[in-house]
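Since the structure comes first, as structure tokens, the remarks are kept for the end.
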Amino acid sequence: MIQLKNICKYYQVGDDRVRALDHANLHIYPQEFVSIIGPSGSGKSTMMNIIGCLDIADAGEYLLDGLPIESYSENQLAKIRNEKIGFVFQQYNLIPKLTAEENVELPLIYQKVPKKERMERVKEALNKVNMYPRAKHLPTELSGGQQQRVSIARAIVTRPKLILADEPTGALDSKTSKEIIDIFHDLHAQGNTIVLITHDGGIAKQAQRSIHILDGQISEVTL
Amino acid sequence: MQSFVMALRSIGANKMRAILTMLGIIIGVMALVVLVSLVSGTTDSVTGAVSDLGTSLVTVTVSDDKGKPIHLSDLDDWTKEPDIGLISARTSSTVVGKHGADYDSVTVYGTTPSYYDIQGLQLSMGRWLKSSDQKNAAYVCVLNDAAATELVGYTDCVGEKITLNGVQFTVVGVLEENEDSLTSMLTSGMLMAYIPYSSLIRLTDSVSSDVTTFYISAAEGSTVDAAADAMEKILMERFDEDEDAFDVDASNMLEEAMNSVTSALSILLGGIAGISLVVGGIGIMNIMMVTVTERTREIGIRKAIGASRGNILTQFLMEAVVLCMMGCGLGIFLSWAILQVVSTVTVSAGLTFSLNMGVVGLAVAFCFLIGVVFGLYPANKAAKMKPIDALHYGG
Numbered sequence: 233m234i235q236l237k238n239i240c241k242y243y244q245v246g247d248d249r250v251r252a253l254d255h256a257n258l259h260i261y262p263q264e265f266v267s268i269i270g271p272s273g274s275g276k277s278t279m280m281n282i283i284g285c286l287d288i289a290d291a292g293e294y295l296l297d298g299l300p301i302e303s304y305s306e307n308q309l310a311k312i313r314n315e316k317i318g319f320v321f322q323q324y325n326l327i328p329k330l331t332a333e334e335n336v337e338l339p340l341i342y343q344k345v346p347k348k349e350r351m352e353r354v355k356e357a358l359n360k361v362n363m364y365p366r367a368k369h370l371p372t373e374l375s376g377g378q379q380q381r382v383s384i385a386r387a388i389v390t391r392p393k394l395i396l397a398d399e400p401t402g403a404l405d406s407k408t409s410k411e412i413i414d415i416f417h418d419l420h421a422q423g424n425t426i427v428l429i430t431h432d433g434g435i436a437k438q439a440q441r442s443i444h445i446l447d448g449q450i451s452e453v454t455l
Numbered sequence: 007m008q009s010f011v012m013a014l015r016s017i018g019a020n021k022m023r024a025i026l027t028m029l030g031i032i033i034g035v036m037a038l039v040v041l042v043s044l045v046s047g048t049t050d051s052v053t054g055a056v057s058d059l060g061t062s063l064v065t066v067t068v069s070d071d072k073g074k075p076i077h078l079s080d081l082d083d084w085t086k087e088p089d090i091g092l093i094s095a096r097t098s099s100t101v102v103g104k105h106g107a108d109y110d111s112v113t114v115y116g117t118t119p120s121y122y123d124i125q126g127l128q129l130s131m132g133r134w135l136k137s138s139d140q141k142n143a144a145y146v147c148v149l150n151d152a153a154a155t156e157l158v159g160y161t162d163c164v165g166e167k168i169t170l171n172g173v174q175f176t177v178v179g180v181l182e183e184n185e186d187s188l189t190s191m192l193t194s195g196m197l198m199a200y201i202p203y204s205s206l207i208r209l210t211d212s213v214s215s216d217v218t219t220f221y222i223s224a225a226e227g228s229t230v231d232a233a234a235d236a237m238e239k240i241l242m243e244r245f246d247e248d249e250d251a252f253d254v255d256a257s258n259m260l261e262e263a264m265n266s267v268t269s270a271l272s273i274l275l276g277g278i279a280g281i282s283l284v285v286g287g288i289g290i291m292n293i294m295m296v297t298v299t300e301r302t303r304e305i306g307i308r309k310a311i312g313a314s315r316g317n318i319l320t321q322f323l324m325e326a327v328v329l330c331m332m333g334c335g336l337g338i339f340l341s342w343a344i345l346q347v348v349s350t351v352t353v354s355a356g357l358t359f360s361l362n363m364g365v366v367g368l369a370v371a372f373c374f375l376i377g378v379v380f381g382l383y384p385a386n387k388a389a390k391m392k393p394i395d396a397l398h399y400g401g
């Protein structure tokens, strides 16, 4: 599913060249639930950006579902993100002036799915996260946990191969966090591939497999 | 369609700002539409008044007769055309006029009886030239007011004898002095005598029986343009389809002069209004730049979930264009309202103003263009953002 080979990513900070990722190798199989854990500054956000095709590595090879990502153009990457990846962000990243329903609908609009089918799929996705009754609400009218559920619905509405969650519980209290993690467990049980990035060991342990990242180096811990 | 709805929503999300932004376009459109409509409304009513004076006639000049010169008899034949009313030939010569011991230079027009009606002349006394004068090449003349007072010495001179180029003529009529018409202004103080065309041929060597200049008027129920077209057709046939051999001019001088003044005025005012539209467009661009920066994060989110460059570009371009077109629509509506108000005030003076559809079309096209031109840069800026940078912007 995901294959990283000798991925390197550098940042120029003043005169120094910082290695955010240093020859990282990673293999994630279909229908796996993998967590990536590391302290802040360890390179896990860079990792997430590269896996999510939001950024391109400076060196190395990345195969997503067999596609060599380095060789794609920006617009092709947009299409890949749209069709193959569902993002869940720490800050929810919902568009504030669109309702829950419209936020979930957006990726389907970019896929040019017809209106009728869009509405059905939006309803289905919102039902999966128990948010359909609040479909007409704006994000500001929802609690943090509810916003995160909507953003999960947005991630799964396209039926992506990979769900990529970046600290999905980072801004939530422990009770709500548990509910969100339960949703990920459900999604995993339904056969989705999930990559969850966190700095919280307790949450990382819930995955089948946990990958540690420190100073751009990867070490694997199988649970 | 989807992007149109999106554009409307994001404009609606910030109504006050949208209205302030549109204000530049609204004022620009109003300036353009109102000014041009006022000018064209005034022009229409004034030219209407001018053509009501009956001065509309067609002037025909022949420069190359191709061996088939036009004679007076041809003119009579052509009056049978349904669109053509009257035809009158005119030629002129400058001769020495004498009355007793007084002499002066006199412009002599050789013409035909119908000239009187075509030109809308007015007699103050006596009679105009008759067709029998024409047939007999009679030595009779009609003087203008200046010729009567300067040469003869008094206006009531019907029956007096004057000599033109040594030939004695009897004055049969005197024209009224018409100070209002443009022709009389241009010829004021000129001594003029009208004699039969045939008489002038006999009087001077410089005039032959070949007609080179003649005037036609439209038949009752027809238009000047139709008469000119009919004439042109006849002459094209006669002169082997050579359109350079003759000239058919249907416009009268006054109308032409006024048209050139008003069209220059329209262009000038329209140009100034156009500048204010461009300024309005810069306002749109400015606010779109702010919008793009403000919504960097939104752009990042949209890109992350799969929006292509084209999607983002369309979204922001659509917003700019919709903003412009809304301003344009409001501006046109307000222009209409202003013209209605102005019309109620000026209706007593016989002037009414309505939207000039040509300039409305121009305003719509121009606004669209401004929306595209000034929306393109901000939209492109938005489209070029890297998803990762946009996503992490401001937190």
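Listed in order, the protein sequences are those of chains A and B. Heads up: the first sequence is residues 233 to 455, going by our numbering. Heads up: the second sequence is residues 7 to 401, going by our numbering. For glycine and all other residues, C-beta sits at the position ideal for the given N, C-alpha and C.
Q) Among the residues of its own chain, which have a CB less than 7 Å from the CB of Thr372 (chain A), if the five just before and after it don't count? A) Position 140 of the first sequence, counted from the first residue, corresponds to residue 372 (chain A). Excluding residues within five positions, the ones whose Cβ falls inside 7 Å are Pro328.
Q: Identify, in the order they occur along the chain, each residue of the same chain with its Cβ nearer than 6 Å to the Cβ of Ser272 (chain B), setting aside the five sequence neighbours on each side.
A: In the second sequence, residue 272 (chain B) corresponds to position 266, counting from 1. Excluding sequence neighbours, Ser272 (chain B) sits near Val42, Val45.
Q: Please state whether DSSP places Gly60 (chain B) in a helix, a strand or coil.
A: The count along the second sequence starts at 1 and reaches residue 60 (chain B) at position 54. Because the pLDDT of Gly60 (chain B) is 49, which lies under 50, any placement of that residue in the model is unreliable, and the question is left without a value.
Q. Asn362 (chain A): buried (16+ other C-beta within 10 angstroms of its C-beta) or exposed?
A. On the first sequence, position 130 is the one that residue 362 (chain A) refers to. Exposed: under 16 other Cβ atoms inside 10 Å.
Q: Anything in chain A within Cβ reach of Thr315 (chain B), meaning under 9 Å, just list it in chain order.
A: The residue given as residue 315 (chain B) occupies position 309 in the second sequence. Per the sequence shown, the amino acid found at residue 315 (chain B) is Arg instead of Thr. The answer, in chain order, is Glu306, Asn307, Ala310.
Q.
Using a Cβ-Cβ cutoff of less than 6 Å, which residues in the same chain neighbour Gly60 (chain B) once the five nearest sequence positions on both sides are dropped?
A. As a working note, residue 60 (chain B) is residue 54 in the second sequence. Any reading at Gly60 (chain B) must be qualified, since the residue scores a pLDDT of 49, below 50, and its modelled position is unreliable; no value is offered.
**Q.** Cβ neighbours of Gln438 (chain A) in the same chain (closer than 7 Å, five flanking residues each side left out)
**A.** Taking the first residue of the first sequence as position 1, residue 438 (chain A) is located at position 206. If the five residues before and after Gln438 (chain A) are omitted, its C-beta is found closer than 7 Å to the C-beta atoms of Ile413, all from its own chain and listed in chain order.
Q: Would you kindly work out how many angstroms separate the C-alpha atoms of Phe380 (chain B) and Asn424 (chain A), rounded to a whole number?
A: Walking along the second sequence from the start, residue 380 (chain B) turns up at place 374. Walking along the first sequence from the start, residue 424 (chain A) turns up at place 192. The alpha-carbon atoms of Phe380 (chain B) and Asn424 (chain A) are separated by roughly 45 Å.
Q) Residue range of the alpha helix (DSSP H) that Ile388 (chain A) falls in? A) Within the first sequence, residue 388 (chain A) is the residue found at index 156, counting from 1. Boundaries of the alpha helix (DSSP H) harbouring Ile388 (chain A): 376-388, taken from the DSSP string.
Q) So, is the C-beta of Glu249 (chain B) closer than 9 Å to a C-beta in chain A? A) The count along the second sequence starts at 1 and reaches residue 249 (chain B) at position 243. Output row for Glu249 (chain B): interface = no.
Q) For the beta strand (DSSP E) that Leu446 (chain A) lies in, which residues bound it at each end? A) For this step, residue 446 (chain A) is matched to residue 214 along the first sequence. Note, Leu446 (chain A): beta strand (DSSP E), 441-446.
Q) Is the shortest distance between the beta-carbon of Phe321 (chain A) and the beta-carbons of chain B less than 9 Å? A) As a working note, residue 321 (chain A) is residue 89 in the first sequence. Phe321 (chain A) counts as touching chain B.
Q) Pick from B:Leu14, B:Leu149, B:Met12, B:Thr48: whose alpha carbon is nearest that of Ala355 (chain B)? A) Reading the second sequence from its first residue, position 349 is the one you call residue 355 (chain B). Of the residues B:Leu14, B:Leu149, B:Met12, B:Thr48, the one whose Cα lies closest to the Cα of Ala355 (chain B) is B:Thr48.
(Q) Short of 8 Å in beta carbon distance, which residues of its chain neighbour Glu315 (chain A), apart from the five on each side in sequence? Order them along the chain. (A) Position 83 of the first sequence, counting from 1, holds the residue named residue 315 (chain A). Cβ neighbours of Glu315 (chain A) beyond the five flanking positions: Gln343, Thr390, Pro392.
Q) When burial is assigned at 16 or more other CB atoms within 10 Å of the CB, is Ser205 (chain B) buried or exposed? A) Here the question's residue 205 (chain B) lines up with position 199 in the second sequence. Ser205 (chain B) is buried by the Cβ-count criterion.
Q: Name the two residues that bound the continuous beta strand (DSSP E) containing Arg96 (chain B).
A: As a first step, residue 96 (chain B) must be located in the second sequence, where it is residue number 90. Per DSSP, Arg96 (chain B) is one residue of the beta strand (DSSP E) stretching across 90-105.
Q | Alpha-carbon spacing of Met198 (chain B) relative to Met131 (chain B), whole angstroms | A | Reading the second sequence from its first residue, position 192 is the one you call residue 198 (chain B). Reading the second sequence from its first residue, position 125 is the one you call residue 131 (chain B). Looking at the two C-alpha atoms, the distance is approximately 16 Å.
Q | According to DSSP, residues forming a beta bridge with Gly179 (chain B) | A | Residue mapping note: residue 179 (chain B) aligns to position 173 of the second sequence, counting from 1. B:Gly132, B:Val148.
Q) Out of curiosity, what's the CA-to-CA distance linking Gly270 (chain A) and Lys276 (chain A)? A) Looking up residue 270 (chain A) in the first sequence gives position 38. Looking up residue 276 (chain A) in the first sequence gives position 44. For Gly270 (chain A) and Lys276 (chain A), the distance between alpha carbons rounds to 7 Å.
Q.
On the criterion of 16 or more Cβ atoms from any shown chain inside 10 Å, does Leu309 (chain A) qualify as buried, or is it exposed?
A. Numbered from its first residue, the first sequence carries residue 309 (chain A) at position 77. Under this definition Leu309 (chain A) is a buried residue.
**Q.** Burial state of Asp83 (chain B) (16 or more Cβ within 10 Å)
**A.** Mapped onto the second sequence, residue 83 (chain B) falls at position 77. The Cβ neighbour count for Asp83 (chain B), taken over all protein chains shown within 10 Å, is under 16; the residue is labelled exposed.
(Q) For Asn281 (chain A), would you say it is in contact with chain B, using Cβ-to-Cβ distances shorter than 9 Å as the test? (A) As a first step, residue 281 (chain A) is located in the first sequence; it is residue number 49 there, counting from the start. Cβ-Cβ to chain B under 9 Å: yes for Asn281 (chain A).
Q: Enumerate in chain order the residues of its own chain whose CB-to-CB distance from Thr268 (chain B) is below 7 Å, with the five nearest sequence positions on each side excluded.
A: By one-based count along the second sequence, residue 268 (chain B) stands at place 262. The beta carbon of Thr268 (chain B) sits closer than 7 Å to those of Val45, Thr49, all from its chain and outside the five residues before and after it, given in chain order.
Q. To the nearest whole angstrom, what separates the beta carbons of Asp110 (chain B) and Leu157 (chain B), a pair I think is in contact under 8 Å?
A. Within the second sequence, the letter at position 104 stands for residue 110 (chain B). Within the second sequence, the letter at position 151 stands for residue 157 (chain B). 5 Å between Cβ atoms; contact.
Q) If we ignore side chains and look at the alpha-carbon of each, how far apart do Ala252 (chain A) and Met280 (chain A) end up? A) Residue numbering aside, residue 252 (chain A) sits at position 20 when the first sequence is read from its first letter. Residue numbering aside, residue 280 (chain A) sits at position 48 when the first sequence is read from its first letter. The straight-line gap separating the alpha-carbon atoms of Ala252 (chain A) and Met280 (chain A) is approximately 12 Å.
Q.
Quick test of the definition: if touching needs 3 or more C-beta pairs under 8 Å, does the segment 396-408 of chain A touch the segment 235-249 of chain A?
A. Counting C-beta pairs with one atom in each stretch, the segment 396-408 of chain A and the segment 235-249 of chain A have fewer than three that are closer than 8 Å, which means they do not touch.
Q) Is His456 (chain A) helix, strand or coil by DSSP? A) Residue 456 (chain A) falls outside the range modelled here, since chain A spans only 233 to 455, and no answer is possible.
Q.
Can you check which of these residues, A:Glu264, A:Ile234, A:Leu340, A:Leu236, is closest to Gln440 (chain A) by C-alpha distance?
A. Start at 1 with the first residue of the first sequence, and residue 440 (chain A) comes out as number 208. Of the candidates A:Glu264, A:Ile234, A:Leu340, A:Leu236, the one whose C-alpha sits nearest the C-alpha of Gln440 (chain A) is A:Glu264.
Q | With 16 other Cβ atoms within 10 Å as the buried cut-off, status of Pro88 (chain B) | A | Here residue 88 (chain B) corresponds to residue number 82 of the second sequence, with the count starting at 1. Pro88 (chain B) should be labelled exposed.
Q) Can you find at least 3 beta carbon pairs, one from the segment 323-331 of chain B and one from the segment 362-374 of chain B, that sit closer than 8 Å? A) Contact holds: three or more Cβ-Cβ distances are below 8 Å.
Q | Under the three-state DSSP convention, the category Tyr399 (chain B) falls into | A | What you label residue 399 (chain B) is simply residue 393 of the second sequence in a count that begins at 1. Annotated three-state conformation of Tyr399 (chain B) is coil, per DSSP.
Q. What does a CB cutoff of less than 7 Å around Gly18 (chain B) pick up in its chain, not counting 5 residues either side in sequence?
A. Taking the second sequence and counting its residues from 1, one reaches residue 18 (chain B) at position 12. Answer for Gly18 (chain B): no residue qualifies.
Q) Can you name the residues that DSSP bridges to Phe220 (chain B)? A) Position 214 of the second sequence holds residue 220 (chain B). In DSSP, Phe220 (chain B) forms a bridge with B:Val66, B:Ala95.
Q: Write down the C-beta distance between Met28 (chain B) and Leu336 (chain B) rounded to the nearest angstrom, noting that I regard them as a contact closer than 8 Å.
A: Residue numbering aside, residue 28 (chain B) sits at position 22 when the second sequence is read from its first letter. Residue numbering aside, residue 336 (chain B) sits at position 330 when the second sequence is read from its first letter. Yes, Met28 (chain B) and Leu336 (chain B) are in contact; Cβ-Cβ is about 7 Å, under 8 Å.
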